[in-house]
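Protein sequences, first through last, are from chains G and S. Going by numbering that gives the first Met the number 0, the first residue of the first sequence is number 0, and it counts up by one from there. Going by numbering that gives the first Met the number 0, the first residue of the second sequence is number 0, and it counts up by one from there. Note that the Cβ used here is the ideal one computed from N, Cα and C, for glycine as well. The next block holds one structure in the form of structure tokens; read it before the comments.
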Amino acid sequence: MEKKQTVPFQGTKEQEAQLLSVIEELKKEKGCLMTIMQRAQEIYGYLPIEVQTMIADQLEIPLEKVYGVATFYSQFNLNPKGKYQISVCLGTACYVKGSGEIYNKLMEKLGIKGGECTPDGKFSLDACRCVGACGLAPVMMINDEVYGRLTVDDIDGILEKYQ
Amino acid sequence: METITLKINGVEVSAPAGSTILEAARLAHIEIPTLCFLKDINAIGACRICVVEVKGAKSLVTSCVYPVSEGMEVWTNTPKVQESRKKTLQLILSDHDRKCLSCVRSGNCELQKLCREYKVDDELLYEGARNHYELDESAAHMVRDNNKCILCRRCTAVCEKVQGIGVIGANERGFATYIGSPFDMGLGETSCVSCGQCIAVCPTGAIYEKDYTKQVFDAIADPEKFVIVQTAPAVRAALGEAFGLPTGTDVEGKMAAALRRLGFDKVFDTNFSADLTIMEEAHEFIDRVQNGGVLPLITSCSPGWVKYCEHYFPDMTENLSSCKSPQQMFGAIAKSYYAEKMGIDKEKMVVVSVMPCTAKKFEIGRPDEDGAGVPDVDIAITTRELARMIERAGIRFLDLPDEEFDLPLGLGTGAAVIFGATGGVMEAALRTAVETLTGEELQALDFTDVRGIAGIKEASYEVAGMTVKVAVASGLGNARELLNRVKNGEAEYHFIEIMGCPGGCVNGGGQPQQPGSVRNFTDIRGKRAAVLYNIDKNNPIRKSHENPAIKELYAEYLGEPGSHKAHELLHTTYIKRKVHEI
């Protein structure tokens, strides 16, 4: 199985100490795993293997148990958010106007799938449901900037601005 | 015990309180089909094959987890029930790789059997999305093919709950759910110990051992090669099941006959090297006791257990006996002593082992398992693979006469054959260690305290003025519990036997698979173990140190147990590993 290249883990000692104290505080409670994972995501922004391993080791449970929960719920991110967070609206109005193709083009262009981040940490890509600008469909956002009435050919030019 | 009376299909049935409908039906000689349910391992009511109608219930209920109650009326076979089961099967097949013809489980697949019974075939009734998965072939011993997985979760349950490892689990959700390792690591990159219990419980062909039967046939056909075979004790207690014989049939003689007809140049027995293991291990034990060595001494015959110890108790690898397992000792002696004695070039010798175990495939590739400068063992196959070879070669197993193993490496004692059951190595070691320590002949050879299928057993014996405390554990969850007691100072022992699989090698991951309908209602490991204890009882020689072939080996070649030469050939080293390597 091929290993995917990901953004290198950049956790600090402070973050680790914070996580360990959260675990220490919660570990006696039954069903504490999800709460710990939520708190860990608050601390690190996402749940990479390094963080999940810390949780598994401290709770003395298999890493797979943590990973199974992390991939079951959409609230958990396995990848960090990029410096530029791209979200493409796949809501009904945008979708019928072709946002699916915009999304595919971005995946192809950035070499990542939805929910992932480019290895240089620059762009992350997500799908979202309606940003309340259906009149501009199809719509995507990069951080707080809204781009509307998009065509596939616009993508190169827009990404250019963030290079 | 309180008894409950209910009606199943109109017939009155009595069942102990707390029974499930599935169990009560079985008492009334009615079998309800199951896929996900496995007694003591997996009771999640998820697959919905075992549904039945219960009077007053709003919908069909899952009989595997539904308890019986007084006056309950159950129907197991109505058109509604059958229609529901059929639909479930159709939906499973709609996302299933239907390559039954070449599937390793064809003929003993639990899904296939149900589809036959319910007349569900491979027509594409529900066309639409299908999941496609890459095979995971990263582990030394097995392949996982999620395309044939039905998400019953028996494998993940046995891995996590019974073995306490949990390197596979359900990832993602809904239609995207699949069984895998964390972060899509291959199994070979995880702390999987290769025990193969997941293979033993899989109802379909989604998990199977790496098949080396072709390599064995090719070696046999090569005129340049001298191919010898060894068979582990537990194989003879289970091989017959693959040919339709009842669980607990002794097929030692037919097995030897079949191996000869497959064309092996010599048909030998791992029992020989199990006796050799006892000689070395008993010597090591006495030496550690008398000279202040690391105690407790823990057996090292089970490679699944050894890898578990390396991952999960790395600070206890010093406690492991440095003795190689009987499989490896056999190879080392075959390629040194036997090769020299017979004038055979060890480079041209191929040692094949038939094992109830999948971890043996991992063990042959470990470092420091090449006593004679060449790998001790070349190919390790499971009991199932041997059955496949016999079938493919057209050998009519059931019609074969009983034959003997070849000499001298085919000679084993009663002490050796019980290695295949939990407590057997301990008993065999005690027979030799006690006689060595006391210098007197044992009056009673049966150490019954260490027998039986309990997960953890303890005993103490007065030997030559000292109290020897021993413990036995089988199944890695039990091993963990026992070792934690030792680590926390709650218990103290001199000698511990651990086998990776629950019940020992008789229940190994390489033994013939039995479907849920058998596993849930039969003490398989107990019946297989009884075969071994019976062979022991009837063997005129029941102590390893009285094996004439072993005596000759020491007199002619090794000198004394624990000698320099013995260490070179028969002992090995261990690795301190981590649970997570990231």
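Item: For the alpha helix (DSSP H) containing residue 110 of chain S, list its first residue and its last residue.; Value: 109-116
Item: Leaving out five residues before and five after residue 11 of chain G in sequence, what residues of the same chain have Cβ atoms less than 8 Å from its Cβ?; Value: none
Item: What is the residue span of the beta strand (DSSP E) that residue 72 of chain S lies within?; Value: 72-74
Item: Starting from residue 86 of chain G, follow the alpha helix (DSSP H) in both directions and report where the run begins and ends.; Value: Where residue 86 of chain G is concerned, there is no enclosing alpha helix (DSSP H), although the beta strand (DSSP E) it sits in stretches over 83-88.
Item: So which residues on chain G does residue 164 of chain S lean against when the C-beta distance must stay under 8 Å?; Value: 61
Item: Which residues mark the beginning and the end of the alpha helix (DSSP H) in which residue 294 of chain S is found?; Value: It is not in any alpha helix (DSSP H) - residue 294 of chain S carries neither H nor E in the DSSP assignment.
Item: Helix, strand or coil, according to DSSP, for residue 398 of chain S in the structure here?; Value: helix
Item: CA-CA distance, residue 91 of chain G and residue 139 of chain G?; Value: 14 Å
Item: Give me the Cβ distance between residue 297 of chain S and residue 497 of chain S, rounded to the nearest whole Å; I'm assuming they're in contact under 8 Å.; Value: 6 Å
Item: Check for me: the beta strand (DSSP E) holding residue 456 of chain S runs from which residue to which?; Value: 455-462
Item: Hey, how far is the Cα of residue 566 of chain S from the Cα of residue 573 of chain S?; Value: 15 Å
Item: In chain order, what residues of the same chain have a beta carbon less than 6 Å from the beta carbon of residue 524 of chain S, not counting five sequence neighbours either side?; Value: 452, 502, 505, 506
Item: Could you give the first and the last residue of the continuous alpha helix (DSSP H) run that contains residue 554 of chain S?; Value: First-last for residue 554 of chain S: undefined, no H or E at that position.
Item: Quick check on residue 15 of chain S - is its C-beta less than 8 Å from some C-beta in chain G?; Value: no
Item: Looking at chain S, is there any beta carbon in it that lies within less than 8 Å of the beta carbon of residue 67 of chain G?; Value: yes
Item: Here's the rule: buried if 16 or more other CB atoms are within 10 angstroms of the residue's CB, otherwise exposed. What is residue 517 of chain S?; Value: exposed
Item: On the DSSP bridge list, what partners appear for residue 125 of chain G?; Value: G:86
Item: Can you list, in chain order, the residues of the region 216-239 of chain S whose Cβ is nearer than 7 Å to any Cβ on chain G?; Value: none
Item: Do residue 140 of chain S and residue 360 of chain S count as a contact pair if the criterion is CB distance below 8 Å?; Value: yes
Item: Assuming residue 274 of chain S and residue 415 of chain S form a contact by the criterion Cβ under 8 Å, report the distance between their Cβ atoms to the nearest whole angstrom.; Value: 5 Å
Item: Assuming residue 74 of chain S contacts residue 67 of chain S under a Cβ cut-off of 8 Å, what Cβ separation, rounded to an integer in Å, is found between them?; Value: 14 Å between Cβ atoms; not a contact.
Item: Given this structure, state the Cα-to-Cα distance separating residue 49 of chain G from residue 77 of chain G, to the nearest angstrom.; Value: 11 Å
Item: Would you identify the three-state DSSP class for residue 259 of chain S, choosing helix, strand or coil?; Value: helix
Item: What does residue 581 of chain S touch in chain G if you count any residue whose Cβ is under 8 Å from its own?; Value: 48, 49, 52
Item: Rounded to whole angstroms, what's the CA-CA distance from residue 175 of chain S to residue 459 of chain S? Just pull it up for me.; Value: 53 Å
Item: Quick check on the burial criterion: 16 or more other C-beta atoms within 10 angstroms. Buried or exposed for residue 483 of chain S?; Value: exposed
Item: Would you please state the rounded distance, in angstroms, between the beta carbons of residue 124 of chain S and residue 93 of chain S? I believe it to be under 8 Å.; Value: 7 Å
Item: Pop quiz: residue 68 of chain G and residue 101 of chain G are said to be a contact at Cβ under 8 Å. What is the actual Cβ separation, rounded to whole angstroms?; Value: Actually they do not touch by this definition, with Cβ atoms about 32 Å apart.
Item: Of all Cβ atoms in chain S, is any one closer than 8 Å to the Cβ of residue 70 of chain G?; Value: yes
Item: For residue 136 of chain S, collect the residues of the same chain with a Cβ closer than 6 Å to its Cβ; drop the 5 residues on either side in sequence, then sort them by chain order.; Value: 142
Item: If we require 3 or more residues per run, which beta strand (DSSP E) segments fall completely within the region 364-433 of chain S?; Value: 378-381
Item: Output needed in chain order: residues of the region 361-385 of chain S with a Cβ under 7 Å from some Cβ in chain G.; Value: none
Item: Cα separation between residue 17 of chain S and residue 62 of chain S?; Value: 13 Å
Item: Is any beta-carbon of chain G found at less than 8 Å from that of residue 540 of chain S?; Value: no
Item: Which residues of the region 180-212 of chain S have a Cβ closer than 7 Å to any Cβ of chain G? Give them in chain order.; Value: 180, 181, 182, 183, 185
Item: Does DSSP put residue 0 of chain S in a helix, in a strand, or in coil?; Value: coil
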